[in-house]
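Take 1125 as the starting number for the sequence shown in the working numbering and just add one per residue.
From the three backbone atoms N, C-alpha and C, an ideal C-beta is built for every residue, glycine too.
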Amino acid sequence: MSSSSSPRRRTSHTPTRRAAALALVGVSALIAAAVQSGAATAAPVKAPQAAGQAIPGSESVRLTPAQRAELIRGANADKAATAKELGLGAQEALVVRDVLKDADGTVHTRYERTYAGLPVLGGDLVVESTPAGATASVVKATRAAVKPATTTAKVPAAKAEAQALSAAKAEDAKSPDVNRAPRKVIWAANGTPTVAYETVVGGFQHDGTPQELHVVTDATSGAKLYEWEAIETGTGNTVYSGQVTIGSTQSGSTYNLTDATRGSHKTYNLNRGTSGTGTLFSGPDDVWGNGTASNLESAGADAAYGAQLTWDYYKNVHGRSGIRGDGVGAYSRVHYGNNYVNAFWSDSCFCMTYGDGSGNANPLTSIDVAAHEMTHGLTSNTAGLNYSGESGGLNEATSDIFGATVEFYAANSSDVGDYLIGEEININGDGTPLRYMDKPSKDGSSYDNWYSGIGSADVHYSSGPANHFFYLLSEGSGTKTINGVSYNSPTSDGLPVTGIGRDKAEKIWFRALTTKFTSTTNYAGARTGTLAAAGELYGTTSAEYTAVQHAWAGIAVGARPGGGGGGGTSFESTTDVSIPDNGAAVNSPVTVSGRTGNAPSNLAVAVDIVHTYVGDLRVQLVAPDGTVYTLKAYGTGGSADNLNTTYTVNASSEVANGVWNLRVQDNAAVDTGYINSWKLTFP
1125 MSSSSSPRRR TSHTPTRRAA ALALVGVSAL IAAAVQSGAA TAAPVKAPQA AGQAIPGSES
1185 VRLTPAQRAE LIRGANADKA ATAKELGLGA QEALVVRDVL KDADGTVHTR YERTYAGLPV
1245 LGGDLVVEST PAGATASVVK ATRAAVKPAT TTAKVPAAKA EAQALSAAKA EDAKSPDVNR
1305 APRKVIWAAN GTPTVAYETV VGGFQHDGTP QELHVVTDAT SGAKLYEWEA IETGTGNTVY
1365 SGQVTIGSTQ SGSTYNLTDA TRGSHKTYNL NRGTSGTGTL FSGPDDVWGN GTASNLESAG
1425 ADAAYGAQLT WDYYKNVHGR SGIRGDGVGA YSRVHYGNNY VNAFWSDSCF CMTYGDGSGN
1485 ANPLTSIDVA AHEMTHGLTS NTAGLNYSGE SGGLNEATSD IFGATVEFYA ANSSDVGDYL
1545 IGEEININGD GTPLRYMDKP SKDGSSYDNW YSGIGSADVH YSSGPANHFF YLLSEGSGTK
1605 TINGVSYNSP TSDGLPVTGI GRDKAEKIWF RALTTKFTST TNYAGARTGT LAAAGELYGT
1665 TSAEYTAVQH AWAGIAVGAR PGGGGGGGTS FESTTDVSIP DNGAAVNSPV TVSGRTGNAP
1725 SNLAVAVDIV HTYVGDLRVQ LVAPDGTVYT LKAYGTGGSA DNLNTTYTVN ASSEVANGVW
1785 NLRVQDNAAV DTGYINSWKL TFP
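What follows is the structure, given as structure tokens:
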């Protein structure tokens, strides 16, 4: 039988707009990452040729699958020489994962690493090369040398397997079973590379979502080092987008939902099943659904439309052809399970899957949900942000960010662009969105601003500060109405932020994700990476670069340009205090006077510490009465150099006047540094 393409498919019915529920629903928080990293090389000082315009040649070009494959072949041919140039050890080797090329010839190559043939988890890195092929900069998930004391396991694999099963049961998993036996790896994400086992447990999470729980066990001591969940939770006459045109294919007298123009993306009907691919949507005509949830084709049309929009967005806005950049489409499955109120991305099937919501009446297939899930696949194939701790929050936020930008890109009158996540699917049952980007805490669970313990929160809630950052960078703080939706975005320090527009903000985040972020990037690393991206695109003296600094300060990550950490009255110490290597804690005092009453609930503590490995440090604020507030715990902050950020402390129970101390202790050997300065600001 012959096959012909029919990409301009239409439907004949415009449904009533209705609310529904979102994917990306948080379950319980996983154990936070021990260490998050993500240092990025700062951009060279340069200014754009025209104010507000990207520097010519700075943006990535659209690579055809063949061009990308050729660049990957070249990188593979040179990877041994690259490893030698980077100073990797004799037992280390590089594995090429991804490549991007800028219009000026700059190439960004992403690598995984092995040691003695073992995968190095947390060993990924990105090399930026000049047009002449010289290495210009390197971004590493860990700065520590990969030199484990041994590659010999001292505990049996069975112990790791039992530990992984126990971890799954602790999360109330249903029918957990090991679906990938323990494999020996080198665990490097905590800065001290060690031989370990990685075990993957299957089954189902407590809400019916498929489970792919990865548990890392120290192979020398049996201690659990880390865990994360790899299942990332998120016309036709569509349910939410009205009558639209979607890609389909005709074979003989039968049509099916295969989009031949977008990597052969296929949409399948699971028909309430929970495994396999289900049945490809097909029929005798090229009309899909009738706009109601009771017609199973309608949700299929939504999923196909969302995948189509997301493919077009990444290709036309960012120059990426498909999730992997290789021109191959993922596939979609709809009608998963019974009354399943979620949706998810899975690397193992390279697919997006959607439930039908409560009562099977609200399929989770709106535009922003579809884009959210597909973006999890993009993140997995670029930065690979670990789905736990601060990196997990950034992973979720990335999907929310591009879920919103795809919705704006769609310009669909039935589902207008907004900074609300899942507003169409009524997952709360009262017509409210699942998440708000202008003020994340409006959902009752998410966080507006970064704080030192945010890595222990569920990734769907620790994503809040990054969502808030993107909104501030795009639109600025304060009240405004966009596409008929009212917003009122605050800042952590009470100072205003002026937006640069969504078009620029999305380019900065995409470039940071694909060329600066690594598997262990945390919030501080995300600030560094987005500043580097803004500097490369617009120049480090540009308004865009300054706006990135302001937006991060607006969520309590880093200082305002010029070193400010907030308005009001400040008390500062600029006296250097040496931090003993692996020694006793040291104090740097600041005397506060002339205040009345207690300190505020949003006391700003701006810290500038010079140190070659901030993960070694514990940083605390000590009030005049001796009360201790931990700003940064030991083992957090990753392997980056230096700590320059602003913390917000609720010190409302403390008398303001008196001697306050910044207490810092180095808890591990080798790396050294000093307190350069620190400042208390009373808004």
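Anticipated Cβ contact below 8 Å, residue i with residue j, distance rounded
i, j, result
"Val1309", "Pro1408", "Actually they do not touch by this definition, with Cβ atoms about 51 Å apart."
"Asn1591", "Pro1614", "The Cβ separation is near 14 Å, so there is no contact."
"Phe1116", "Ala1507", "One cannot answer for residue 1116 here, as it falls past the ends of the chain, which runs 1125 to 1807."
"Ile1179", "Tyr1662", "7 Å"
"Ala1671", "Thr1622", "6 Å"
"Ser1712", "Asn1774", "Between Asn1774 and Ser1712 the Cβ distance is about 21 Å, and since that is not below 8 Å, they are no contact."
"Gly1461", "Arg1396", "6 Å"
"Val1710", "Leu1804", "Not a contact, Cβ separation roughly 18 Å."
Distance between residue j and residue i (C-alpha atoms, nearest Å)
i, j, result
"Gln1191", "Asn1726", "52 Å"
"Gly1689", "Gly1568", "Here the model assigns Gly1689 a pLDDT of 40, short of 50, so the residue's position is not dependable, and the following value carries that caveat. Roughly 27 Å between the two C-alpha positions."
"Ser1801", "Gly1682", "14 Å"
"His1338", "Glu1353", "6 Å"
"Thr1477", "Phe1468", "5 Å"
"Gly1241", "Val1219", "11 Å"
"Ala1814", "Arg1386", "The shown model of the chain, from 1125 to 1807, leaves out residue 1814, and the question about it has no answer."
"Asn1536", "Ile1370", "13 Å"
"Arg1142", "Tyr1364", "Low local confidence applies: a pLDDT of 25 at Arg1142 is under 50, so the model's placement there is unreliable, with the coordinate-based value given in what follows. Roughly 6 Å between the two C-alpha positions."
"Thr1403", "Tyr1392", "5 Å"
"Gly1759", "Gly1513", "13 Å"
"Gly1415", "Ile1491", "15 Å"
"Ala1658", "Thr1333", "37 Å"
"Thr1434", "Gly1797", "46 Å"
"Ala1757", "Asn1486", "43 Å"
"Ala1730", "Phe1806", "11 Å"
"Ala1656", "Leu1637", "11 Å"
"Lys1278", "Ala1343", "6 Å"
"Lys1225", "Tyr1455", "27 Å"
"Ala1792", "Gly1446", "44 Å"
"Gln1177", "Arg1635", "16 Å"
"Lys1293", "Pro1300", "7 Å"
"Asp1471", "Val1368", "29 Å"
Residue burial classification, residue i (beta-carbon count within 10 angstroms, cutoff 16)
i, result
"Ser1136", "Confidence is the limiting factor: at Ser1136 the pLDDT is only 29, short of 50, which leaves the residue's position unreliable and the question unanswerable from this model."
"Asp1562", "buried"
"Val1185", "exposed"
"Gly1501", "buried"
"Asp1795", "buried"
"Asn1466", "buried"
"Asn1505", "buried"
"Thr1772", "buried"
"Gly1213", "exposed"
"Arg1197", "exposed"
"Thr1654", "buried"
"Ala1163", "Only weak support is given to the placement of Ala1163: the predicted model assigns it a pLDDT of 34, under 50, and the value that follows is read from those uncertain coordinates. Ala1163 comes out buried."
"Asn1573", "buried"
"Thr1188", "exposed"
"Ser1666", "buried"
"Ala1629", "buried"
"Glu1497", "buried"
"Val1530", "buried"
Beta-bridge partners of residue i, as assigned by DSSP
i, result
"Leu1337", "Val1325, Glu1353"
"Met1476", "Ser1456, Trp1469"
"Phe1806", "Thr1693"
"Gly1407", "Tyr1379"
"His1389", "Asp1383"
"Gly1602", "Ser1613"
"Glu1216", "Tyr1239"
"Tyr1798", "Ser1702, Val1734"
"Glu1252", "His1232, Ser1261"
"Ala1728", "Thr1772, Thr1805"
"Asp1790", "Leu1741"
"Lys1298", "Phe1328"
"Tyr1571", "None, per the DSSP bridge assignment."
query: Any chance the region 1713 to 1725 sits against the region 1778 to 1794, with 3 or more Cβ pairs inside 8 Å?
result: Yes: the two stretches touch, three or more of their Cβ pairs being nearer than 8 Å.
task: Would you check if the region 1256 to 1266 and the region 1322 to 1339 touch, i.e. whether three or more CB-CB distances between them fall below 8 Å?
output: Between the region 1322 to 1339 and the region 1256 to 1266 there are fewer than three C-beta pairs closer than 8 Å, too few to call the two in contact.
- prompt: Pairing CB atoms from the region 1630 to 1648 with CB atoms from the region 1762 to 1774, are three or more of them under 8 Å?
  reply: Three or more pairs of CB atoms, one per stretch, sit closer than 8 Å, so the region 1630 to 1648 contacts the region 1762 to 1774.
- prompt: Touching or not, the region 1514 to 1523 and the region 1578 to 1596, by the rule of three or more beta carbon pairs under 8 Å?
  reply: Yes: the two stretches touch, three or more of their Cβ pairs being nearer than 8 Å.
- request: Would you be able to state if there are at least three C-beta pairs under 8 Å between the region 1735 to 1749 and the region 1247 to 1254?
  value: Fewer than three pairs of CB atoms, one per stretch, sit closer than 8 Å, so the region 1247 to 1254 makes no contact with the region 1735 to 1749.
- prompt: Are there three or more Cβ pairs, one per stretch, closer than 8 Å when the region 1262 to 1276 is compared with the region 1310 to 1318?
  reply: A contact is defined here as three or more CB-CB pairs under 8 Å, and the region 1262 to 1276 meets this definition with respect to the region 1310 to 1318.
message: Is it the case that the region 1573 to 1585 contacts the region 1600 to 1609, given that we only count it when at least three CB pairs across the two stretches are under 8 Å?
response: Using a C-beta cut-off of 8 Å, the region 1600 to 1609 makes no contact with the region 1573 to 1585, since fewer than three inter-stretch Cβ pairs fall below that distance.
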